Structures are given as C-alpha cells and as structure tokens.
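From first to last, the protein sequence lines are chains A and B.
Quick note, the first sequence lines up with residues 1269 to 1346 if you use our numbering.
Quick note, the second sequence lines up with residues 829 to 1224 if you use our numbering.
We treat Cβ as the ideally placed atom computed from N, Cα and C, and that holds for glycine.
No experiment lies behind these values; they were computed from the predicted model shown.
Accompanying notes for the structure given below.
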Amino acid sequence: MTDETKKKVEDKIVGLVKEYAGKKRFKPIDIVKEMEKEFASEGLTKDDIKGALKEIMDDEKLVYGYAGGSFLTLPENK
Amino acid sequence: MGKKHQTPLLDELKKGKWISFVREIERAAEKSERTEDLLGQVEESYRDKVNHWKHGGMAGVKGYGAGMVGRFSEFPEKYPGIKECHSMRIIPSAGFFYNSDFLRKLADISEKHAGGLLNFHGATGNIQILGMSQAEAEDAFQAIAELGFDLGGSGSDLRTPSCCAGQARCEFANYDTMKICHDLTEEYQDELHRPAFNYKFKFKFSGCANDCVASAARSDLAFIGTWKDKIKINQGEVKNYVQKFNVQKYVLDKCPTKCMWFEGDNLVIDDENCVKCMHCINEMPKALRAGDEKGASILIGAKAPLVTGPRMGMMLVPFYDINEDAKNDYEQLKALISNMWEFWDEFGVSRERIGELIGRVGLNTFLEGIGLEPMPEMVEHPRSNPFIKFTEEGEE
Ligand code: SF4
Ligand code: SF4
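So this is what it looks like as structure tokens:
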C-alpha cells in the first residue's frame, strides 16, 4: 500500500467516525469490513486496513471505547 | 481515626474465623481515601442488593484498546474517591509464579497509582490493580512495563490466555501448558491489545481432564491434555488400593464409560472405550498413569452465561500433537486459529461468541468454512455426535 493510499484510508476512517460522532458507534471489525469493500478496487487487503487502523490508534486520532463491545471514537479532547 | 463511612452490613462479613475481604479493604483504606469511599459504596450495594457501578466508557492507555476495565461510581458526589474506579489488567506469568521482589513492587505501584488493592487472579486469569483513575493509568502502565509485564485483554479482543501450572507442579500434566500459553500470548499481541473481534475470545490450557482452569466451560478454544495409547497399570499398586478402599464402588462403578473391570485380582481397562476423564487416575495415582503418546484435545465454543446463556465446549480436534507442532512454531494450530477467526469475522454478528455462531450456522457449515474434515469424534459430549443420528434398536 502506498503512503498516499494509506492516508486516504486513514482519512476515510477518521472522517466516518467524526461524521457519526454521537449517532453511531463503529466497531473496529465493521470499519475494517466497510473499508475492505470501499478500497477493493485498489486491491487493499484486510491486513492493509488493519495496519492503517493500527496507525490511527497509535497516533491517537481515534481511541477505543467500550459499551458491551469495543468501539472506535474520538479522543475526549477532540 | 474514625471511619469515614459507617458500614454495619460489611462489618458482619468480618465475623467468623475466615479471611475477610472487608478487613483487607479496610487495611488498604487506612492509606487510601479512595478505598474508604469504596467501602461506603460497597455497603450501599449490600443494602440495595445491586451494584452501583456504571461499566464501560473510556479507560485505557495510549495505543492500547484493552487492559483497562472502566468502572464509574453512580454516586460521584457522595464518593468522589471512586468517581473513577477502573481495573487495570496485567498478564500473569504462565503458571502464576512470581518472586517476592515483583510482588512488593507491584504492591507499591498499586498504592501509588490506585487504591492499594490487587486481585490475584480474577476469573479472567489476570492480575488486577483495582481502583485506578484514568489520570493515573499511563504512569502505572509505564511502571508495570518496567517490571517486564504488560496489560491483558478486555473488550472485544483476545483475552489473556491462561493455563494451569502443568508440568511445573503437577504429575498429571500431559503437555507443557505454560509453554504454549506463553508462546501464544507472545504470538497474538496485536489481537490482545487491539479489540478487532465481534466479541471476546479466550484460550485456556489445562494439562489434563481435571481441567483446573475450567477451560471446557469458560474458553472459546480449550486445550485439554490427553493421551492416545493405553493407561499404564501397576497391578501390585492396584492390589494395595483394594486393601485400602472399595475400588469397585469408588473407581470402577464411577468410570463414565464402564470400561474397566477385574479379571481375578487383575484390573483390565478397555482403552478403546476410555474417554480419558482422569477419574480412575485421580483415585489411584500410584496404580494408574496416563499413556506415553501425550497431547491435547481441542474443544471449541464454551462460554459463561453472559448475553445468551452458558455453553460447554465441543470436541473439535480429538488429538492435537502439541510437541510436534511446537517444533514448527505451531504452524498447524496457527492456521486453524486464523481460519476460525476469518470465518467468525465474516459471518459473526456483534457480541456473538464463536460457539454461538457455530450453533446458528451449524457445525457442517463451520467446518467447511475453516477447512476441517468432519470426524465422528467431534462430539458435543460423550456418546453424542452431531453427524450421526442414533436410534433405539429396531427403530427405523
Ligand atoms: S489440569 Fe490436570 S495437569 Fe493441570 S494442574 Fe490440574 S490436575 Fe494438574
Ligand atoms: S480415565 Fe475415565 S473413562 Fe478412562 S478408564 Fe479411567 S475412569 Fe474410565
């Protein structure tokens, strides 16, 4: 995956979580499945998407929350 | 110094000769205001017969999606010390061996960053530091990391693998439970720290069917030590046991498959029909020993009652040669696990454990999905088989 594609995936994931903040809780697995479909034409695999998600979490652009199951959310200060 | 909160119901739990968790919390409360507040809220829980925690929410350390379990008091104004009262889960050493230096340092971390209370080891198998606030989490985590330990699983991830003490302490162990538990914990770091599953997934390793870590009842993938060949019989020791207690009544009659009997003074076992339950070996350990071809049975799908009720594990792999596979870095096992997780990812729904998914789609579909051939030994419990319908003799 090129850096450019990775950035596109990351922006898409963070954008989705931002857009639906307070309305919908995204489970990591749902995001991965969604992005797999979205970027299928660019040949991205599940592992690529998981890698991009890992970087998002390491950079704290998103954090994990828990309510019955784990979900992705914005850090409290954002 | 007087008590901050009156706790008449908890005081009842200090009576009697047994160790009391209330007394221990009170000792910790002498040094920690937050633990004093904990006593106050627990008293209210006993009075109201309901716990007063709000679960979940945001609790964690940088980069990890697991390892902290969020607890928030329902009465933050009344009990400010436990407004946040999270548990930090720490992966235990396989077999639960620690030296005193580690325990002292861990106690210091707990007193400095939380309420001075530790839980060794909860149902999850983790060490837990209780009563931590989010503000303390990062520093506590760094201190734990300096001791060479790491956070455990929580949420929709691989939970901290757990094992019995196995060959370190127990003559019954059929494989090195601690080694495989440690190896798989190292292998699946990502799955442990980043919740990416539909729901939780647990590995537990028991060295024999005595199942001291309750793997058959509490883990999605249970490894239970077993053997393939014959039980070794020392007839001389059998005779000694016969002198000491009623072997017929307490051993032979309680064999679940009735596959043992006496021929004269000699004990005979029909090993083809032995289900390796360990009963006879537990009763007469000097006379009976497991065979030499040792490995593990792998069971799938057990879980505790949460969400949809309890399930016991179902036999998936009757005999897994752990020692052989360990030589190839668990190549076979890792392929099996990866296929199962793929299938669960693809077809599981939110908060559905893998056993429930198998129940919903059917075992045949699951086996096809993970590329495993059905075998007659894949039984839900002894003498049952999901592929073959047994009928009474003479019945169509
Ligand atoms: S499960 Fe078996 S091997 Fe493990 S500690 Fe218990 S009795 Fe021993
Ligand atoms: S291990 Fe269990 S099934 Fe096998 S002979 Fe002993 S009691 Fe019977």
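On the criterion of 16 or more Cβ atoms from any shown chain inside 10 Å, does residue i qualify as buried, or is it exposed?
| i | result |
| --- | --- |
| A:GLY1283 | exposed |
| A:PRO1296 | buried |
| B:PHE1025 | buried |
| B:ILE972 | buried |
| A:LEU1340 | buried |
| B:GLU912 | buried |
| B:THR1005 | buried |
| B:TRP1089 | exposed |
| A:ASP1271 | exposed |
| B:HIS1021 | buried |
| A:GLY1337 | buried |
| B:TRP1055 | buried |
| B:SER1166 | exposed |
| B:GLU1170 | exposed |
| B:GLU1019 | buried |
Would you give the residue range spanned by the alpha helix (DSSP H) that residue i belongs to?
| i | result |
| --- | --- |
| B:LEU1127 | No alpha helix (DSSP H) holds B:LEU1127; the beta strand (DSSP E) holding it covers 1122–1128. |
| B:PHE1194 | 1191–1198 |
| B:TYR1148 | Counting along the chain, B:TYR1148 falls outside any alpha helix (DSSP H), though it belongs to the beta strand (DSSP E) covering 1142–1148. |
| B:HIS914 | Unbroken run through B:HIS914 is the beta strand (DSSP E), 914–918; no alpha helix (DSSP H). |
| B:ARG875 | 861–876 |
| B:THR1013 | 1005–1015 |
| B:VAL1079 | Premise fails: B:VAL1079 is in no alpha helix (DSSP H) and is neither H nor E. |
| B:VAL889 | It is not in any alpha helix (DSSP H) - B:VAL889 carries neither H nor E in the DSSP assignment. |
| B:MET1168 | 1159–1175 |
List, in chain order, every chain A residue whose beta-carbon is nearer than 8 Å to that of residue i.
| i | result |
| --- | --- |
| B:ASP985 | SER1338 |
| B:PHE1025 | ILE1297 |
| B:GLY885 | GLY1333, TYR1334 and ALA1335 |
Verify whether the separation of the beta carbon atoms of residue i and residue j is less than 8 Å.
| i | j | result |
| --- | --- | --- |
| B:VAL1079 | B:GLU1111 | yes |
| B:MET1142 | B:ASN1038 | no |
| B:LEU867 | B:THR835 | yes |
| B:ASP1048 | B:PHE1033 | no |
| B:ALA942 | B:ALA968 | yes |
| B:ILE937 | B:ILE919 | no |
| B:SER933 | B:LEU979 | Reading off the sequence shown, one finds Lys at residue 933 of chain B, where the question assumed Ser. Not a contact, by the Cβ cut-off of 8 Å. |
| B:ARG1117 | B:GLY1183 | no |
| A:ASP1326 | B:GLY891 | yes |
| B:PRO1023 | B:ALA1115 | no |
| B:THR988 | B:GLY994 | no |
| B:LEU1127 | B:ALA1044 | yes |
| B:HIS880 | B:GLU872 | yes |
Give the interface partners of residue i over in chain B, defined as CB-CB distance under 8 Å, in chain order.
| i | result |
| --- | --- |
| A:GLU1328 | LYS890 and GLY891 |
| A:GLU1344 | MET886 |
Pull the bridge partners of residue i from the DSSP assignment, please.
| i | result |
| --- | --- |
| B:PHE991 | According to the sequence provided, residue 991 of chain B is Cys. The question's Phe does not apply to it. Beta-bridge pairing links B:CYS991 to B:PHE1033. |
| B:PHE1090 | B:LEU1095 |
| B:HIS833 | Beta-bridge pairing links B:HIS833 to no other residue. |
| B:TRP1055 | B:LYS1122 |
| B:ILE847 | Paired residue(s): none; B:ILE847 is not in a bridge. |
| B:LYS1131 | B:ARG1139 |
| B:ARG1117 | B:LYS1060 |
| B:THR899 | The sequence as given places Arg at residue 899 of chain B; Thr does not occur at that position. Bridge partners of B:ARG899: B:HIS883. |
Got a sec, what are the start and stop residues for the beta strand (DSSP E) residue i sits in?
| i | result |
| --- | --- |
| A:GLY1283 | Careful: A:GLY1283 lies outside any beta strand (DSSP E), inside the alpha helix (DSSP H) at 1271–1287. |
| A:VAL1300 | From DSSP, A:VAL1300 is part of no beta strand (DSSP E) but of the alpha helix (DSSP H) over 1296–1306. |
| A:MET1319 | What sits at residue 1319 of chain A in the sequence shown is Gly, not Met. It is not in any beta strand (DSSP E) - A:GLY1319 instead sits in the alpha helix (DSSP H) that spans 1314–1326. |
Just to make sure I have the definition right: I need the residues of chain A whose C-beta is within less than 7 Å of the C-beta of residue i. Which are they?
| i | result |
| --- | --- |
| B:ARG1179 | GLY1336 and GLY1337 |
List the residues of chain B that residue i touches, going by C-beta distances under 7 Å, in chain order.
| i | result |
| --- | --- |
| A:LYS1322 | ARG1022 |
| A:MET1269 | Neighbours of A:MET1269 on chain B: none; closest Cβ ~17 Å, over 7 Å. |
What in chain A is Cβ-close to residue i, meaning under 9 Å?
| i | result |
| --- | --- |
| B:GLY898 | GLY1333 and TYR1334 |
| B:ASP1173 | ILE1297, VAL1300, LYS1301 and LYS1314 |
Using a cut-off of 9 Å between C-beta atoms, extract the partners of residue i located in chain B.
| i | result |
| --- | --- |
| A:LYS1318 | ASP1018, ARG1022 and ALA1024 |
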